[in-house]
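Asker: Yeah, the sequence shown ends on 135 if you go by the working numbering, and it's all consecutive.
To start, I am sharing the structure in question, which I have written as structure tokens.
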Amino acid sequence: MDTIPVSEAEARLDELVDKADREHDHFILTHNGRERAILVGISEWESIQETMSVFANQRLREELTQTAADDAAGNLTTHEEMTAIMIQRLNPGSRLRDSGRLPT
Numbered sequence: 032m033d034t035i036p037v038s039e040a041e042a043r044l045d046e047l048v049d050k051a052d053r054e055h056d057h058f059i060l061t062h063n064g065r066e067r068a069i070l071v072g073i074s075e076w077e078s079i080q081e082t083m084s085v086f087a088n089q090r091l092r093e094e095l096t097q098t099a100a101d102d103a104a105g106n107l108t109t110h111e112e113m114t115a116i117m118i119q120r121l122n123p124g125s126r127l128r129d130s131g132r133l134p135t
């Protein structure tokens, strides 16, 4: 993350915005030697906002913690198991063949 005076950033704004957008660079902007702002691309900003939203939601944080614990313990649902679960939910009367293949 580069630190750039606001006066320099003004002169290079097109270049800095392009780098922030395409290369996900961040730039700290200073005014009179003090850090005053950060320039980031919009996709990066949206990602930061989404992350902050997750951290602000206690229930979601707890679910993520449990998911990580389940993953570490090997308590996972395989693709085949999930396919069977979803077919059963969508078609409660259908049965999968013993081979695990979808009904024809």
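Even glycine gets a Cβ: it sits at the ideal position worked out from N, Cα and C.
1) Among H55, T82 and Q89, whose alpha-carbon lies nearest the alpha-carbon of I69?
2) Give a yes or no on contact between the stretch 59 to 67 and the stretch 76 to 86, applying the rule of three or more CB pairs nearer than 8 Å.
3) When the Cα atoms are used, what is the spatial distance from R65 to L95?
4) Checking 9 Å against the spacing of the C-beta atoms, do H57 and V71 come in under that value?
5) Can you list, in chain order, the stretches of the alpha helix (DSSP H) that have 4 or more residues and sit fully within the stretch 63 to 100?
6) Distance check for E46 and E39, CA to CA, integer angstroms please.
7) Could you have a look at D33 and say whether DSSP puts it in helix, strand or coil?
8) Spatial neighbours of F86 within its chain, please: CB distance less than 8 Å, with the 5 preceding and 5 following residues excluded, ordered by chain position.
9) When burial is assigned at 16 or more other CB atoms within 10 Å of the CB, is A142 buried or exposed?
10) If you run the structure through DSSP and keep just helix, strand and coil, what is Q119?
Answerer: Let me lay it out:
1) Ranked by Cα distance from I69, the options H55, T82 and Q89 are led by H55.
2) Between the stretch 59 to 67 and the stretch 76 to 86, the count of Cβ pairs shorter than 8 Å is below three; the stretches do not touch.
3) A direct Cα-to-Cα measurement between R65 and L95 gives close to 38 Å.
4) For the pair H57 and V71, the CB atoms are nearer than the 9 Å cut-off.
5) At a cut-off of 4 residues, the continuous stretches assigned as alpha helix (DSSP H) that sit fully inside the stretch 63 to 100 are 73 to 87.
6) So the alpha carbons of these two residues sit roughly 11 Å apart.
7) The answer is strand: DSSP assigns D33 an E or B state.
8) If the five residues before and after F86 are omitted, its C-beta is found closer than 8 Å to the C-beta atoms of R92, all from its own chain and listed in chain order.
9) Outside the shown range of the chain (32 to 135) lies residue 142, about which nothing can therefore be said.
10) Note: Q119 maps to helix in three-state DSSP.
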